[in-house]
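Counting in the UniProt record's numbering, the sequence shown runs from 1 upward without gaps.
Note that the Cβ used here is the ideal one computed from N, Cα and C, for glycine as well.
Here the structure is a predicted model, which is why all the values come from computation and not from measurement.
Please read the structure below before turning to the comments.
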Amino acid sequence: MASKKFVLFLAVSLVVLGVATPGAFGQSCPYNTLQLGVCADLLKLVDATVNVGSASTQPCCSLLNGLADLDAAACLCTAAKVNLLGINLNLGVDLSLILNSCGKKLPAGYVC
1 MASKKFVLFL
11 AVSLVVLGVA
21 TPGAFGQSCP
31 YNTLQLGVCA
41 DLLKLVDATV
51 NVGSASTQPC
61 CSLLNGLADL
71 DAAACLCTAA
81 KVNLLGINLN
91 LGVDLSLILN
101 SCGKKLPAGY
111 VC
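This is the structure:
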């Protein structure tokens, strides 16, 4: 009898521990948003052609490398909302410009 209760307890424990808790995917930034201030420099280069991988994109893009497009957008959005980039952004256009300059894309339907 004790082994049946133990098996039942073990089964219930595995089910409870195995249930994944949905997180806030794409809603957090692994960096201190102060570091993303270097991304504002990309917007100053709008009148010139910005080449992906050029020296002017490296400080910003090196921070965004390794992040999924959604996570990179969330990082930049967080920085823009608290005006850490030091400029007023047209969030849709400018966010897209920064991401594109770093070889990333603004996810369809993403709202900052």
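Residue i, DSSP secondary structure in three states
i, result
"C61", "helix"
"V111", "coil"
"A79", "helix"
"N100", "helix"
"A68", "coil"
"C39", "helix"
"L10", "Residue placement at L10 is flagged as unreliable, the pLDDT there being 46, under the threshold of 50; the coordinate-derived value follows with that caveat. If DSSP states are grouped into helix, strand and coil, L10 belongs with the helices."
"L95", "helix"
"V52", "Note on V52: pLDDT 47, under 50, position unreliable in the model; no value is reported."
"L106", "coil"
"G23", "Bear in mind that a pLDDT of 36 at G23, under 50, signals an unreliable position, so the number given afterwards is only what the model happens to contain. In this structure, G23 counts as coil in the three-state DSSP scheme."
Supposed close pair residue i, residue j - CB separation, criterion 8 Å
i, j, result
"L99", "A72", "6 Å"
"L70", "Y110", "7 Å"
"C75", "L34", "That belief does not hold up - the Cβ atoms of C75 and L34 are roughly 12 Å apart, past 8 Å."
"A80", "C112", "7 Å"
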